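In the numbering used here, the protein residues as written are 1 to 80.
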(Lines of atoms letter the chains of each structure in order from A and count residues from 1; the text may use other names and numbers.)
(Lines give C-alpha, C1' and ligand atoms only; values in the text may rest on other atoms or scores of the structure.)
Protein backbone atom coordinates (compact mmCIF):
# COMPACT_ATOMS: atom_id res chain seq x y z
CA UNK A 1 0.00 0.00 0.00
CA UNK A 2 2.90 2.39 0.58
CA UNK A 3 3.65 2.25 -3.13
CA UNK A 4 0.13 3.48 -3.86
CA UNK A 5 0.61 6.43 -1.51
CA UNK A 6 3.83 7.22 -3.37
CA UNK A 7 1.86 7.50 -6.62
CA UNK A 8 -1.03 9.44 -5.10
CA UNK A 9 0.74 11.10 -2.25
CA UNK A 10 0.11 13.75 0.30
CA UNK A 11 0.24 16.49 -2.34
CA UNK A 12 -2.55 14.85 -4.33
CA UNK A 13 -4.67 14.50 -1.21
CA UNK A 14 -3.99 18.16 -0.40
CA UNK A 15 -4.97 19.13 -3.94
CA UNK A 16 -8.23 17.21 -3.47
CA UNK A 17 -8.92 19.07 -0.23
CA UNK A 18 -8.10 22.42 -1.86
CA UNK A 19 -10.42 21.66 -4.79
CA UNK A 20 -7.63 21.51 -7.36
CA UNK A 21 -8.44 18.02 -8.70
CA UNK A 22 -10.40 18.57 -11.89
CA UNK A 23 -11.62 15.21 -13.11
CA UNK A 24 -14.09 12.98 -11.35
CA UNK A 25 -11.88 9.98 -12.16
CA UNK A 26 -8.94 11.53 -10.29
CA UNK A 27 -11.18 12.44 -7.36
CA UNK A 28 -12.49 8.89 -7.25
CA UNK A 29 -8.96 7.44 -7.26
CA UNK A 30 -7.99 9.59 -4.28
CA UNK A 31 -11.19 8.61 -2.45
CA UNK A 32 -10.40 4.94 -3.10
CA UNK A 33 -6.86 5.46 -1.84
CA UNK A 34 -8.15 6.90 1.43
CA UNK A 35 -10.39 3.85 1.79
CA UNK A 36 -7.60 1.35 1.13
CA UNK A 37 -4.39 2.80 2.56
CA UNK A 38 -3.95 3.45 6.30
CA UNK A 39 -1.15 5.94 5.57
CA UNK A 40 -3.48 7.95 3.34
CA UNK A 41 -6.16 7.87 6.03
CA UNK A 42 -3.61 9.16 8.55
CA UNK A 43 -2.76 11.94 6.11
CA UNK A 44 -6.39 13.10 6.33
CA UNK A 45 -6.08 13.43 10.11
CA UNK A 46 -2.84 15.42 9.68
CA UNK A 47 -4.54 17.71 7.17
CA UNK A 48 -7.57 18.11 9.42
CA UNK A 49 -5.37 19.32 12.27
CA UNK A 50 -3.97 22.09 10.08
CA UNK A 51 -7.06 23.18 8.13
CA UNK A 52 -7.47 26.45 10.03
CA UNK A 53 -5.60 29.33 8.43
CA UNK A 54 -3.44 31.88 10.21
CA UNK A 55 -6.46 34.12 10.65
CA UNK A 56 -8.38 31.32 12.39
CA UNK A 57 -10.87 31.32 9.53
CA UNK A 58 -12.13 27.97 8.30
CA UNK A 59 -12.55 27.37 4.58
CA UNK A 60 -15.82 25.44 4.65
CA UNK A 61 -15.38 23.84 1.23
CA UNK A 62 -12.01 22.47 2.29
CA UNK A 63 -13.48 21.40 5.62
CA UNK A 64 -16.26 19.49 3.83
CA UNK A 65 -13.75 17.74 1.56
CA UNK A 66 -11.64 16.70 4.57
CA UNK A 67 -14.75 15.42 6.33
CA UNK A 68 -15.77 13.44 3.23
CA UNK A 69 -12.40 11.72 3.04
CA UNK A 70 -12.48 11.11 6.78
CA UNK A 71 -15.94 9.50 6.51
CA UNK A 72 -14.71 7.27 3.69
CA UNK A 73 -11.74 6.11 5.75
CA UNK A 74 -13.97 5.48 8.77
CA UNK A 75 -16.47 3.52 6.68
CA UNK A 76 -13.87 0.83 6.03
CA UNK A 77 -12.40 0.88 9.53
CA UNK A 78 -9.15 2.72 8.82
CA UNK A 79 -10.04 5.49 11.27
CA UNK A 80 -11.93 5.30 14.54
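In this text, a Cβ means the ideal position worked out from N, Cα and C, and glycines have one as well. As the structure is a prediction and not an experimental result, all values here were calculated from the model.
(request) Whole angstroms is fine: what's the gap from residue 22's alpha carbon to residue 16's? (result) Along the chain shown, one-based indexing puts residue 22 at 22. Along the chain shown, one-based indexing puts residue 16 at 16. As the crow flies, the alpha-carbon of residue 22 is around 9 Å from that of residue 16.
(message) Extract the residue ranges of the alpha helix (DSSP H) inside the stretch 28-73, only unbroken runs of 4 or more that lie entirely within it.
(response) You should have 38-49.
(request) Just tell me which of 49, 59, 50 and 73 has its CA closest to the CA of residue 30. (result) The count along the chain shown starts at 1 and reaches residue 30 at position 30. Nearest of 49, 59, 50 and 73 to residue 30, Cα basis: 73.
(request) Indicate whether residue 18 and residue 67 have their beta-carbon atoms separated by less than 8 Å. (result) Translated into positions along the chain shown, residue 18 becomes position 18. Translated into positions along the chain shown, residue 67 becomes position 67. With respect to the 8 Å criterion, residue 18 and residue 67 are not classified as neighbours on the basis of their beta carbons.
(request) Check whether the Cβ atoms of residue 14 and residue 47 lie closer than 8 Å to each other. (result) On the chain shown, position 14 is the one that residue 14 refers to. On the chain shown, position 47 is the one that residue 47 refers to. In this structure, residue 47 lies closer than 8 Å to residue 14 by Cβ.
(request) Using alpha carbons as the reference points, say which of 25, 33, 80 and 20 lies closest to residue 9. (result) The count along the chain shown starts at 1 and reaches residue 9 at position 9. The option with the nearest alpha carbon to residue 9 is 33.
(message) Quick check on the DSSP output: the alpha helix (DSSP H) that includes residue 22 runs from which residue to which?
(response) Here residue 22 refers to the residue found at position 22 of the chain shown. Segment: none, residue 22 is in no alpha helix (DSSP H) and carries neither H nor E.
(message) Using 8 Å as the threshold, is the C-beta distance between residue 69 and residue 38 below it?
(response) Here residue 69 corresponds to residue number 69 of the chain shown, with the count starting at 1. Here residue 38 corresponds to residue number 38 of the chain shown, with the count starting at 1. Using a Cβ distance threshold of 8 Å, residue 69 and residue 38 do not count as a contacting pair.
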